[in-house]
């Protein structure tokens, strides 16, 4: 099985390891590998070859309160409806 990379990744584990082992300058490596100098600098600073998780450490709604979010989750689990149907079912009546 191959390595799983996110869609915008320009480096593989092998390239990252080569960056960390190399004694060449960041500019020389970036030209050699065809990647940005900032990418070379980033992987030189890191201790591992793995991508870091992106996004918030504790995802939460920016629109709903915690109680409202809990009700929506409970509704969906109880009804087993797709998200779009839950959205329409939970809209306020006009």
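In the numbering used here, the protein residues as written are 135 to 228. Glycine included, each C-beta is placed from N, C-alpha and C at the ideal position.
Helix, strand or coil: how does DSSP classify residue i here?
i	result
residue 170	coil
residue 142	coil
residue 197	coil
residue 180	coil
residue 210	helix
Near residue i, which residues of its chain fall below 7 Å by C-beta distance, leaving aside the five closest residues on each side in sequence?
i	result
residue 167	149
Near residue i, what residues of its chain come up, given a Cβ to Cβ distance below 8 Å and the 5 sequence neighbours on each side ignored?
i	result
residue 211	none
residue 221	none
To which residues of the same chain is residue i closer than 6 Å at the C-beta, ignoring the five residues directly before and after it?
i	result
residue 160	171, 174 and 175
Answer yes or no: does any C-beta atom of chain B fall closer than 8 Å to that of residue i?
i	result
residue 212	Absence of chain B from the displayed structure is noted, only one protein chain being present.
Write down the C-beta distance between residue i and residue j rounded to the nearest angstrom, noting that I regard them as a contact closer than 8 Å.
i	j	result
residue 177	residue 146	Not confirmed; about 11 Å, so no contact.
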